[in-house]
Amino acid sequence: MGERVALTIDAGQMDCYVARPATNVFGGILVCMHGPGVDEFIRDICERLANLGYLAIAPDFYHRQGSDLTEPWSKVVDTEAIVDMRVATDFLEAYAVTPIGILGFCMGGRLAFLNLAHDDRLKTGIIIHGGNIMKSRDAGLPSPLDQTDAIHASVLGIFGEDDVNPSPADRVIIEQRLQSAGVEFRLDSYQGAGHAFLNFTRPEVYREKQAELAWDSCVTWLQSEMRTNA
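In this text, residue positions in the sequence shown follow the working numbering: the first is 30, and each later residue adds one.
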């Protein structure tokens, strides 16, 4: 089972969920939460990663918002989130865990893509139906997509063919930008799957077969990118 860890951010505290491997540690993974926060699904992802040998940490990006959690995902500022992700990565580094990767869902997929352009410590990133990658959420920064040229890590993208954000057309644009930036990447799309299709806590969108295939793809990617080439 994981544990809650409080990390100091500016003058406050950021709660994180941390799951530790029982034996061998093959690296660290920063897990970026989706809109509902660090919920059962995100905690389960951390546990799965720990069972694979990765020290996993999932920061609560809503820690600056107090009790006002009305559409909190729309209030996360990119420059602040970059600070949060840097501190979470510092936590992984403090345990001498290398290499380090990043993985995110929806809002977290967008933030993971963004952070790949800002933290060269990251060896690889897995972007799972990252929404609004083409939109800026910070007056001081362009959109994550417009920062693609700064990415030096490898990228795996997971998409649902029935999703509308990111849509199949969005996937093509993301693919073109990654290609033009010379990023090593692979984008996987799953038929019959829409947004959040890996989320077993939402039976209306969960697609068991596609979710199992997508997760297997993530596991294989991590084994390749974070072990063989470490």
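All C-beta atoms in this analysis are idealised placements derived from N, C-alpha and C, irrespective of residue type, glycine included.
Through-space distance from residue j to residue i, alpha-carbon basis
| i | j | result |
| --- | --- | --- |
| N228 | A240 | 8 angstroms |
| R256 | F55 | 7 angstroms |
| D149 | S218 | 27 angstroms |
| M30 | T127 | 22 angstroms |
| S96 | P50 | 33 angstroms |
| A35 | R115 | 14 angstroms |
| N258 | T37 | Any reading at N258 is ruled out, since the residue's pLDDT is 46, under 50, leaving its predicted position unreliable. |
| N161 | H224 | 13 angstroms |
| N53 | I203 | 35 angstroms |
| F226 | E237 | 8 angstroms |
| G189 | E76 | 24 angstroms |
| T108 | S165 | 11 angstroms |
| K104 | A198 | 26 angstroms |
| P195 | I71 | 20 angstroms |
| L81 | L143 | 25 angstroms |
| L170 | L98 | 24 angstroms |
| A179 | L242 | 30 angstroms |
| Q94 | Q220 | 37 angstroms |
Terminal residues of the alpha helix (DSSP H) in which residue i lies
| i | result |
| --- | --- |
| K152 | Per DSSP, K152 belongs to no alpha helix (DSSP H); it is in the beta strand (DSSP E), L151 to I157. |
| Q42 | No alpha helix (DSSP H) holds Q42; the beta strand (DSSP E) holding it covers G41 to A48. |
| A79 | E69 to N80 |
| F214 | Note, F214: premise wrong, no alpha helix (DSSP H); beta strand (DSSP E) at F214 to Y219. |
| L242 | E237 to Q252 |
| F120 | D107 to A123 |
Beta-carbon separation (whole angstroms), residue i vs residue j, contact threshold 8 angstroms
| i | j | result |
| --- | --- | --- |
| L185 | W250 | 5 angstroms |
| G154 | L145 | 5 angstroms |
| L140 | C61 | 5 angstroms |
Close-in-space but distant-in-sequence residues of the same chain around residue i (CB under 6 angstroms, 5 per side omitted)
| i | result |
| --- | --- |
| V106 | D167 |
| L207 | F214 |
| H147 | I111 |
| A48 | G31, C75, E76, A79 and A85 |
| I156 | G138, A141, F142 and G186 |
Continuous beta strand (DSSP E) stretch holding residue i: start and end
| i | result |
| --- | --- |
| T37 | E32 to I38 |
| L84 | Y83 to P88 |
| G64 | Taken as a continuous stretch (DSSP letters only), G64 belongs to no beta strand (DSSP E), as it is neither H nor E. |
| G186 | S183 to G189 |
Same chain, Cβ closer than 7 angstroms to residue i, five either side skipped, listed in chain order
| i | result |
| --- | --- |
| V67 | Y46, A87 and D89 |
| G57 | Y83, L84, L121, V126 and I129 |
| Q205 | none |
| W102 | G64 and M136 |
| I74 | V60 |
| Y124 | L84 |
* Any 3 or more C-beta pairs closer than 8 angstroms across the segment 167-174 and the segment 209-225 -> no
* Evaluate contact between the segment 31-44 and the segment 88-95, counting only Cβ atoms and requiring at least three cross-stretch pairs below 8 angstroms. => Taking 8 angstroms as the limit for Cβ pairs, the verdict is that the segment 88-95 does touch the segment 31-44.
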